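So the structure is just underneath, and the comments pick up after that.
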Amino acid sequence: MARQSTVDVAGLLAKLAEAQHQAERGELNPAELPGLVRAQRIVREAAGWPIEADSDR
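Going by the numbering used here, the first residue of the sequence shown is number 444, and it counts up by one from there.
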């Protein structure tokens, strides 16, 4: 039987959003920005959270 794990969705989204801001400010590789935005969408979809809450900052 597959083991299911739990994550703090809000905490994970906060970390992804902070990384997104860092990429936008040039503190991280800007090429990572699309992946960070997509990761936020995937987490929201998996958690059943509204996708329109994503902000394409």
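Cβ atoms here follow ideal geometry from the backbone N, Cα and C, with glycine treated the same way.
Values in this document were obtained by computation on a predicted structure and should not be read as measured data.
At which residues does the alpha helix (DSSP H) containing residue i begin and terminate?
i: Val-486; result: 476 to 490
i: Gly-454; result: 452 to 467
Could you name the residues of the same chain whose beta carbon sits closer than 8 Å to that of residue i, not counting the 5 residues immediately before and after it, in chain order?
i: Ala-466; result: Asn-472, Pro-473, Glu-475, Leu-476, Leu-479
i: Gln-483; result: Leu-456, Leu-459, Ala-460, Gln-463, Asp-497
In chain order, what residues of the same chain have a beta carbon less than 6 Å from the beta carbon of residue i, not counting five sequence neighbours either side?
i: Arg-487; result: Ile-494
How long is the line joining the alpha carbons of residue i and residue j, rounded to whole angstroms?
i: Gly-491; j: Arg-468; result: 30 Å
i: Arg-481; j: Ala-489; result: 12 Å
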